[in-house]
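Let me begin by presenting the structure, written as structure tokens, before commenting on it.
Protein chains: 2
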Amino acid sequence: MSKDVTVDQMLSAFEAAGMRTTRPRRAMAEQLVAWGAKEKEFSSEDLWHAVQEKAPWVGRATAYRTVQLLQDLGFLDRVTFADGTERYHVVAAGHEHHHHLTCEMCHRIVPVEACIAPAAFEAMAQQSGFAISGHRLEIFGRCPDCQDDAHSC
Amino acid sequence: MSKDVTVDQMLSAFEAAGMRTTRPRRAMAEQLVAWGAKEKEFSSEDLWHAVQEKAPWVGRATAYRTVQLLQDLGFLDRVTFADGTERYHVVAAGHEHHHHLTCEMCHRIVPVEACIAPAAFEAMAQQSGFAISGHRLEIFGRCPDCQDDAHSC
DNA sequence: GCTGCTCTTGACACTAGGTATCATTTCGTG
DNA sequence: CACGAAATGATACCTAGTGTCAAGAGCAGC
Ligand SMILES: [Mn+2]
Ligand SMILES: [Mn+2]
Ligand SMILES: [Zn+2]
Ligand SMILES: [Zn+2]
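Taken in order, these protein sequences are the chains called P and C. All residue numbers for the first sequence refer to the working numbering, where the first residue is 30 and numbers rise by one. All residue numbers for the second sequence refer to the working numbering, where the first residue is 30 and numbers rise by one.
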């Protein structure tokens with residue numbers, strides 16, 4: 030019943046895309062699965078550091094390259110936080126279009142279904158003459174656990 | 030009839046906020062007015078370079094600090110582009126809440142009024158328990174002039 | 001199992017886009 | 001004009017990456 034992705038699914042996706050199933054890619058996939066898909070958020074740097082524990086020979090550039098590939102393959106979802114940092118989370122199966130409500134204190138992520146109506150995009154394209162190719166929506170706030178903390182400093 | 034902001038308005042705003050009307054601030058305000066408020070977009074670096082022509086003694090840190098202040102004072106609006114770069118434009122008077130449709134090729138900016146309904150934010154806050162403090166919406170595409178150019182490279 | 005071609009890697013240099021520090025300068029009030 | 005606070009410019013530093021490239025490692029064909 031769990032929709033959590035497996036290491037093999039990730040490696041198969043590399044293969045299916047004509048890429049190789051290398052040791053760094055396996056090490057990173059293993060770390061991601063170890064963390065679970067429970068909306069755990071991490072930066073590329075975070076993931077690199079974590080992988081270093083088990084596989085200290087993995088280079089930083091490789092970690093960043095692999096995060097990019099995993100995002101392209103649809104295994105990672107990139108989220109922009111209020112402070113401008115970019116982080117990721119593993120997507121569970123059935124990844125429909127969605128946006129995120131994020132905590133500016135602890136970086137917690139809540140997916141939200143709110144979006145702009147297709148008709149509104151149509152109207153914009155019509156009025157401006159633009160060919161619209163994408164959009165980004167991020168909502169910021171404080172999660173229940175972080176609302177008491179007065180330190181916004 | 031023009032709602033374009035003047036150098037004096039900017040400097041008065043600094044004064045009103047208890048800040049000084051210094052030479053770098055004047056030089057930067059003059060450059061902004063020279064460019065006009067016609068949705069001309071620029072990065073902090075762009076503005077610094079332009080100011081250098083007339084006032085080569087203005088430091089880079091000062092340029093960045095001043096852009097931040099002008100944004101805080103409501104004279105500049107920050108826009109995030111599809112490639113992740115941050116740029117600004119001078120806001121005309123009567124700055125209502127709005128978002129931007131931007132050209133991923135030439136960085137042209139078109140303001141749009143589309144947004145998420147307040148009720149939707151309410152619902153999100155209710156469901157998640159978050160205290161929502163802000164949001165960001167950016168729409169990307171190609172302007173009429175850039176649609177032929179096949180070079181997405 | 002070995003060969004060989006290619007993709008991939010890890011090290012490292014480098015970059016964009018800023019921010020922190022701090023001695024020096026300059027506002028602008030009295 | 002004098003003086004204290006605010007602001008500045010030079011400089012060093014920083015984060016979050018990307019470009020380069022010789023060396024290493026998958027994997028298809030034998
Ligand atoms: Mn998501
Ligand atoms: Mn605007
Ligand atoms: Zn939180
Ligand atoms: Zn364009």
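Glycine included, each C-beta is placed from N, C-alpha and C at the ideal position. Only a predicted model underlies this, so the values are computations on that prediction, with no experimental measurement involved.
Quiz prompt | Cutoff 7 angstroms; reference glutamate 142/C; Cβ partners in own chain excluding five residues on either side | solution = His127
Self-check item: Bridge partners - tyrosine 117/P, DSSP secondary structure assignment
Solution: Phe71/P, Arg107/P
Exercise. Return the CA-CA distance between alanine 111/C and serine 162/P, expressed in angstroms with no decimal places.
Key: 10 angstroms
Quiz item: Among His129/C, Ala160/C, Gly123/C, Met134/C, which one has its Cα closest to the Cα of methionine 134/P?
Solution: Ala160/C
Quiz item: Given 8 angstroms as the limit, is there contact between the segment 164-178 of chain P and the segment 39-49 of chain C, that is, 3 or more CB pairs closer than that?
Solution: no
Quiz item: Within 10 angstroms of its Cβ, does aspartate 106/P collect 16 or more other Cβ (buried), or is it exposed?
Solution: buried
Self-check item: DSSP-derived helix/strand/coil call for histidine 78/P
Solution: helix
Quiz item: When DSSP labels each residue in this structure, what does threonine 95/P get in the three-state scheme?
Solution: helix
Quiz item: Along chain C, which residues have their Cβ under 9 angstroms away from the Cβ of cysteine 172/P?
Solution: Ser157, Gly158, Phe159, Ala160
Quiz prompt | Cut-off 8 angstroms between Cβ atoms - residues of its own chain near glutamate 59/P, not counting five sequence neighbours on either side | solution = Val36, Lys83
Practice problem: Within 10 angstroms of the Cβ of histidine 118/C, are there 16 or more other Cβ atoms? Answer buried if so, exposed if not. | Solution: buried
Self-check item: Simplified DSSP state of alanine 148/P, which is helix, strand or coil
Solution: helix
Quiz item: When DSSP labels each residue in this structure, what does valine 87/C get in the three-state scheme?
Solution: coil
Quiz item: Would you say histidine 164/C reaches chain P, if we count a Cβ-Cβ gap shorter than 9 angstroms as a contact?
Solution: yes
Exercise. Return the CA-CA distance between serine 41/C and glutamate 151/P, expressed in angstroms with no decimal places.
Key: 42 angstroms
Exercise. Kindly indicate if chain P contains any beta-carbon less than 9 angstroms away from that of valine 108/C.
Key: no
Practice problem: Would you mind reading off the limits of the beta strand (DSSP E) that contains valine 62/C? | Solution: From DSSP, valine 62/C is part of no beta strand (DSSP E) but of the alpha helix (DSSP H) over 52-64.
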